[in-house]
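Notes to accompany the following structure.
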Amino acid sequence: MSLKGMTIEPPVYFDQAVFRDSVDFDSTIFNGDVHFGHSEFHKDANFMRSKFNGHAYFGDSEFKDNANFIFSEFNGPASFMLSEFNGSAYFWGSKFNGDAGFINDRFYRDTYFSDVVFNKDASFNGSLFKEDLIFENATFHRKLSLTRTRYDELFVRWHDIAGHLVYDDAAYMSLMKNFNGLGYFEDHDSCYFQYRKEHRAEPWPAANAGEEWLRKLIDYPLEWFYGYGTKPFNALLFSIAIVLVYALFWWRQGLGGPNDMTPSVLPGGEEWIDNDILDILGFSFTVFLSGTRLFIDPPLLPIIQGRSRFWTKWAFIFERLLGALFSILLFIAICGTIVRSS
């Protein structure tokens, strides 16, 4: 059957049709709603470069061979709910200007959505993809839903779907596992980071109200300080900022100045710092790194005339604690990202 290049006016009803031979709708224009619901395509179904100006309904249809929708344009809703694709499904370069519904479908061969543009919502909820699902260079302008979607390998980059994925725990977990399996480690990290942020906004039924509130409160600094282990430069920048702030504090305290009595208790011949900004920065850096006590011992606690010994001691201790904390966070983030990728 061939209606290639034709313009078909509504209404168009092929409900429950059985096409035993190949069908060719190449470059066909459907100017209204078209219904292929509950239809069977026993051989190749070619809708390449077709234009659907109304509702394109293919619900509960069966494609026993290849389905070709390459460079097709759907200007209304496109419904493929409960359909079955036994051959490869090609949607290369197609444009969905209305909602695209591929809900509870079955795809038994490779499925191609490369270079597709989804201008409205796209749902693949509950669908099964037995082989590769390819979304390379696809563009999503609205929501993408992958709730209960199962696939072998999903070829998509996180930056193509970031900000569009509808929140679902299982959907995020499947994506992260998929990215790791493909070696898309940066995509995994970005996906995990976004998942943790969105998960915080969801209810946590396993925790009581007080525990949930506290854990979500703690979750904010985990995001900022090291990006849940995905952003080592966050931890590094915070570390540098802490060293600089403490250097300013020690300078304001009078470290190395005329009221600094620390040299009087030093062993003979041991040098103390001058009131020089580089010396003070070095002192702050040493205190910060000494928090781990792995490589650097802490310097002597300063004795500054006119300054509270109590507050000096606790400022010293707190900088060391911050040094220990951010050293650990930096180590975790580096091991989880840079070292893993090398």
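Position one of the sequence shown corresponds to residue 271 (our numbering), numbered consecutively onward.
We put the beta carbon where it would ideally sit given N, CA and C, even for glycine.
Source: prediction; values computed, not measured.
- If you draw a straight line from the Cα of A505 to the Cα of A511, it comes to about 10 Å.
- If you draw a straight line from the Cα of A348 to the Cα of K274, it is about 20 Å long.
- For Y462, the uninterrupted alpha helix (DSSP H) run begins and ends at F455 to R470, by DSSP.
- DSSP places A337 in the strand class (E or B) of the three-state scheme.
- V386 sits in coil when the DSSP states are folded into three classes, being neither helix nor strand.
- Between D380 and D285, the alpha-carbon positions lie close to 26 Å from each other.
- The Cβ atoms of Y378 and N356 lie closer than 8 Å to each other.
- Here F344 is near K365, since their CB atoms are less than 8 Å apart.
- Under the DSSP assignment, H429 falls in the alpha helix (DSSP H) whose first and last residues are W428 to I431.
- Beta-carbon to beta-carbon, N336 and S358 are separated by about 5 Å, close enough to satisfy the 8 Å threshold.
- From the listed residues R418, W362, D369 and L592, the smallest Cα separation to R376 is found for R418.
- In the displayed model, N316 falls within a strand according to three-state DSSP.
- In terms of Cβ geometry, G302 and G329 do not form a close pair [threshold 8 Å].
- DSSP, read as helix, strand or coil, puts V557 in helix.
- The straight-line gap separating the alpha-carbon atoms of H305 and S353 is approximately 13 Å.
- A straight-line Cα-Cα distance of about 25 Å links Y442 and Y360.
- Short of 7 Å from the beta carbon of T607, and not among the five residues preceding or following it, lie these beta carbons of its own chain, in chain order: D459, T500 and P502.
- With respect to the C-alpha of H411, the residue from G363, I431, D549 and S560 having the closest C-alpha is I431.
- Assigned with DSSP and collapsed to three states, R522 falls in helix.
- For I373 against S342, the beta-carbon gap comes to about 19 Å, at or over 8 Å, which does not count as contact.
- Within 10 angstroms of the beta-carbon of A392 lie 16 or more other beta-carbons, which makes it buried.
- Taking C-beta separations shorter than 8 Å and ignoring five residues to either side along the sequence, the partners of V436 in its chain run K413, L414, S415, L416 and T417, following chain order.
- Look at R610 here: in three-state DSSP terms it is helix.
- Within the model, the alpha-carbon separation for H308 versus M276 is close to 23 Å.
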